[in-house]
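Residue numbers (numbering that gives the first Met the number 0), protein chains in the order written: chain A, 0 to 458; chain B, 0 to 458; chain C, 0 to 458.
We put the beta carbon where it would ideally sit given N, CA and C, even for glycine.
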Amino acid sequence: MAESTNMRLRLPLICIILEVILIILFGVLVEYNDDTDAKKWNKNNSTDPATNEFYYRYPSFQDVHVMIFVGFGFLMTFLQRYGFSSMGFNFLIAAFSLQWATLMQGFFHGMHHGKIHVGVTSMINADFCTGAVLISFGAVLGKTSPVQLLVMAVLEVTLFAVNEYILLSILGANDAGGSMTIHTFGAYFGLMVTRILHRPNLDKSKHKNSSVYHSDLFAMIGTIFLWMFWPSFNSAITQYGDPQHRTAANTYYSLAACTLATFGFSSLVNPEGKLDMVHIQNAALAGGVAVGTAGEMMLTPFGSMIVGFLAGTISVLGYKYLTPFMESKLKIQDTCGIHNLHGMPGILGAIVGAVTAALASRDVYGNGLDNVFLEAAETSHWSAHTKGGFQAISLAVTLGIALLGGLITGFFLKLPIYGTPPDTQCFEDAVYWEVPGEEEDHHELNEVSTRNELEKLNS
Amino acid sequence: MAESTNMRLRLPLICIILEVILIILFGVLVEYNDDTDAKKWNKNNSTDPATNEFYYRYPSFQDVHVMIFVGFGFLMTFLQRYGFSSMGFNFLIAAFSLQWATLMQGFFHGMHHGKIHVGVTSMINADFCTGAVLISFGAVLGKTSPVQLLVMAVLEVTLFAVNEYILLSILGANDAGGSMTIHTFGAYFGLMVTRILHRPNLDKSKHKNSSVYHSDLFAMIGTIFLWMFWPSFNSAITQYGDPQHRTAANTYYSLAACTLATFGFSSLVNPEGKLDMVHIQNAALAGGVAVGTAGEMMLTPFGSMIVGFLAGTISVLGYKYLTPFMESKLKIQDTCGIHNLHGMPGILGAIVGAVTAALASRDVYGNGLDNVFLEAAETSHWSAHTKGGFQAISLAVTLGIALLGGLITGFFLKLPIYGTPPDTQCFEDAVYWEVPGEEEDHHELNEVSTRNELEKLNS
Amino acid sequence: MAESTNMRLRLPLICIILEVILIILFGVLVEYNDDTDAKKWNKNNSTDPATNEFYYRYPSFQDVHVMIFVGFGFLMTFLQRYGFSSMGFNFLIAAFSLQWATLMQGFFHGMHHGKIHVGVTSMINADFCTGAVLISFGAVLGKTSPVQLLVMAVLEVTLFAVNEYILLSILGANDAGGSMTIHTFGAYFGLMVTRILHRPNLDKSKHKNSSVYHSDLFAMIGTIFLWMFWPSFNSAITQYGDPQHRTAANTYYSLAACTLATFGFSSLVNPEGKLDMVHIQNAALAGGVAVGTAGEMMLTPFGSMIVGFLAGTISVLGYKYLTPFMESKLKIQDTCGIHNLHGMPGILGAIVGAVTAALASRDVYGNGLDNVFLEAAETSHWSAHTKGGFQAISLAVTLGIALLGGLITGFFLKLPIYGTPPDTQCFEDAVYWEVPGEEEDHHELNEVSTRNELEKLNS
């Protein structure tokens, strides 16, 4: 007997309890940072308002915000009857995750006299952490209940903060655009979760696990907003000045090169040379993922384009050849193909970051070296090679925590208490949503034409 | 006999006459302000361009602009056959209102030697005023002609400017995000208009007064852009520095908490625990409305989240229980449920603003107090309690002017000269638009399957 | 026999070869500019990061980026079965063009010791050039293969850079928003290309060369984003300070006035007074085009509104009366009507720019004159009248290069090697894309209703 999918008690309960806990913890732990607080900012009456971090970061924050809510949300509306859930659950778990991330990241990244300080930078970081959860959501899309997703978010945000703490605070890694912390982590966490939640009879919903014409156009809204704003994503929390500027430029060139590779290889792998919307919607974004670590470094436009081109290529090939293999042989049902968009390009990005860091020198960076590799300013015997090594270790740590975390989370999500959809009802909005009928006029029209046909034939 | 809905003379006439009047008045009255004018800005050759208000306000302006045109426009496309009108009339009345508002607000907010000064701040304020008109549009959506809407805009913008003048210039109220001036005003004005325009036989169009699957996804474009950019809306015209920064953060947290409340209560009020798109599209935004007044104050993230949670809750409950009651008993046909999204949350926001202001102190705000409560800088015996009182009076004034203004406007809009749609043709684009047929291939497909069916059955 | 439309070799080959060439040329020729390079920016340890051009230009760049990818992309999705191609090919040729434009513009606009310098300003300029290619794309939409479009982009970007060089560097013209360089050039280039590619039997695809209900709503996404962000487009590369501010304001007012003219005349030219989506989607934008040259000057809001009103008017009349004439008599098949949106308003903008420049004086501009007309600062006998003359010459040059360039490009595109669609398969995604079926549930529903009908009638 299938578990009931009725959410009436479960969803309100978890939403309200989680929010009440969040509110209490915010009340106890959170306060404005120095740039946000009326008293602290105006200690000195002569402070120039233009130096408030708000003006350096807020436009980037808004672009990141669009990527999280419109980008991820619409990207996942490609399924024919899962648009409400894609947009809606994306909205729900993002709204929860950004609050929970504020607490977890604040806790790990240094409390100030027992308080977590918030402002535009913490808001960007919270959105970043949310991004990782939404990547994992892509793997389990259509096969999970909203309660299950919220529980996954609770656990994933926590482990994200742990991993981020190890990378940034202990290993001193550079990862401003999150090739490791966001994309690699989110992807392998999600892949492990969907592996544990493997459904042998998922083909009962197979006919719904595909797009229709208009749903593919909705998904393009997500793709294009992600693509356009990725330069802001990668540069949002780099240092002021040349690093922000350079990161945006590198990401811009990487994505452009990635797009040409995507179109080329999408046509090449099709017997009739036809383009596949799945590739265009996803692989064209891999160039943003792959410069997430090295983007702030002196990668040069030339280097960025090579990286972008490679990322687009492996991503298309992954969709074509690796995803079917992973599904049939490894039992990894990856609805959105996050392994191709975030997994492999994330690893590529981590490697590119390690190599680029290992090649850094005061010759190339001048005084800017201290601005990109903050530790270099503090010690006279900073070594680019050692730095590169730590970057590589960071990738290994990320993979380890993601896979182990996904394993534990997956088993936790297998408990029969979340109201998950039965195999026949996956990828279907009607399970959790009031779904309206089809268009009125439309039916009338069809009925009329039907009637005409009938009259002709029956006469 | 139903009045003709042919717009051929009426719409061109009103559009062209209004625009010609606007152009003449702009020619006589409007000039660039000191930051926009070539001569005035460069009086001093050494002026630092970075201090131009453009760089402080323009990114926020663009976010507000997106909310007005994409946010409101797409939010109202949820109706199955009213997407052209929702987007189109939203576009038309917004383009008119922002010009008219520039004049009206300029007239009331201080002429400079007989001239109205324009620049990015006046552009934001004009967009804000436009927002109030679009809120009212939500109440009468589907039941009005474009000419009627333009006439409504002429009157509403004027009364908006009067109310704003009383609140900001006479009562010295704080209302940067417009909980009172925009949301409360727009909502109760619109509710009164729709009350006066009550259609006893509206159920003749009942089958069109609902959504279809894709129209709900289009509406989500509106919702999400409103949700994401609301921090910019509330902070767009606050003082530079910490107030802008703090307002954005408060709005961000309020909306996140509101979203969890919305999902929780939407599921709770449904017998099967299913989520309702109407709630997600609208109630999740109430958290932005409810911190429109207090957002710039030291509300704290904790306080913002409580306010957002309450706003989402009352909004969902309003959609479920209050709207049907208002329609059947009070004869208020509120198409978009603006009472739940803007009305009640607006009042909540005004009350929260009054209380937060009444609790303000130099202890908490430090020197920042003068930056938030500008009058405090001017007088040594400024009293937070008195301030709170004036905030409360401002709410009462707003409600009074909105209801009275809506009443007068409503009667004015009842004149049988506007080409309003008959009861049977409400919520229908074809009345005022050339509407294309359905998809070609699609029909062919249906015809083929029909033919196959027929052949099978007739054989 | 129709040429094969199979892209399997052609598209991958051209994508990969072009990208490899781009990467090599970037490797040899391109380096970061002074604000983007770590060493150069930090030469002086005391450089204030706030003075980095990134903070003046990046928000505008992102708005322009949205216009290029979302604006143009969605605007062209109005065709019922060409949404994948509209979005997809727009994406492809934009991603290529911005890279190629970086090289071409860098080559012409001054090499630095044999190197092309890149940063946010070059990124905006590259996007601008891309805009011209996308305008031309609008004329040939639905009738060209992706390979053909890439070849067109190669040639058009090159000629764009030549024309831009002559205008800006030789004639010293002002054209910050590109009325001439972008809109007039892109339009007449595209019109000439489509003239040469004239298809006498295009009416075989006539039934697909129109919109359906939802495709018109998708197109409105493009329209509205273009409309909203046009103030950023026109002001993106003007001087810092008052010129940026003034340009944004002028564009804002011009577009508002244009919108009222568009609605008025759209209704007026329809026998039943009904509005036409084609006009609203396109003509309402003409106001942005028409202040592309004069926007940075002291045009005043009053002047901007007059220009916008005129632009909207001629654009609607063009769609109604000129486009059919051009198609039947001049054999110019202009799918999107770019002549009405970019051609005529572009010429209007050039004329307005010439007149406004000719009327400039130190009386009106004060010291700001040197900021708008950079040559004025360098010579004591600068003459506004001469300047106006050079602006007029610039328009003539642009028309000449565009028409001649389009002619040559058109003949080049006639070669039977690109896999162009046959006349019966124009405006059809299925030629170049894997297109999914229609919605599952939907069919079931129709089949059920069909069956019911049948049973009733057959009983």
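Mapping the DSSP letters down to three states, classify residue i as helix, strand or coil.
i, result
"residue 447/B", "Its pLDDT being 42, under 50, residue 447/B is placed unreliably by the model, and the measurement read from it follows with that caveat. Three-state result, residue 447/B: helix."
"residue 31/A", "strand"
"residue 384/A", "helix"
"residue 111/C", "strand"
"residue 197/C", "coil"
"residue 145/A", "helix"
"residue 414/A", "coil"
"residue 425/B", "coil"
"residue 174/B", "coil"
"residue 17/C", "helix"
"residue 379/A", "coil"
"residue 101/A", "helix"
"residue 374/C", "helix"
"residue 2/B", "coil"
"residue 209/A", "coil"
"residue 390/C", "helix"
Are the beta-carbon atoms of residue i and residue j separated by less than 7 angstroms?
i, j, result
"residue 301/B", "residue 291/A", "no"
"residue 375/B", "residue 368/B", "yes"
"residue 83/C", "residue 381/C", "no"
"residue 212/B", "residue 428/B", "no"
"residue 9/A", "residue 146/A", "yes"
"residue 338/A", "residue 288/A", "no"
"residue 390/C", "residue 172/C", "yes"
"residue 490/A", "residue 152/A", "Nothing in the structure corresponds to residue 490/A, since chain A is present only between 0 and 458."
"residue 120/A", "residue 430/A", "no"
"residue 55/A", "residue 239/A", "yes"
Are there any heavy atoms of the ligand GTP lying less than 6 angstroms away from the beta-carbon of residue i, as far as the coordinates show?
i, result
"residue 400/A", "This structure lacks the ligand GTP, and indeed carries no ligand of any kind."
Alpha helix (DSSP H) containing residue i: first to last residue?
i, result
"residue 516/C", "Nothing can be reported for residue 516/C: it is not among the residues displayed for chain C, which extend from 0 to 458."
"residue 229/A", "212-234"
"residue 369/C", "368-371"
"residue 164/B", "Per DSSP, residue 164/B belongs to no alpha helix (DSSP H) and is neither H nor E."
"residue 347/C", "343-357"
"residue 7/A", "Here residue 7/A belongs to no alpha helix (DSSP H), and DSSP marks it neither H nor E."
"residue 364/A", "361-364"
In the DSSP output, what is residue i paired with across the bridge?
i, result
"residue 432/B", "274/C"
"residue 116/B", "30/B"
Problem set entry | 4 or more residues per run - each alpha helix (DSSP H) lying fully within the region 240-310 of chain A | 241-267, 276-281 and 285-289
For this session: At 3 residues or longer, and completely inside the region 35-91 of chain A: list those beta strand (DSSP E) runs for me, N to C.
Result: none
For this session: Kindly provide the ranges of any beta strand (DSSP E) runs that are 3 or more residues long and lie completely inside the region 315-341 of chain A, ordered along the chain.
Result: none
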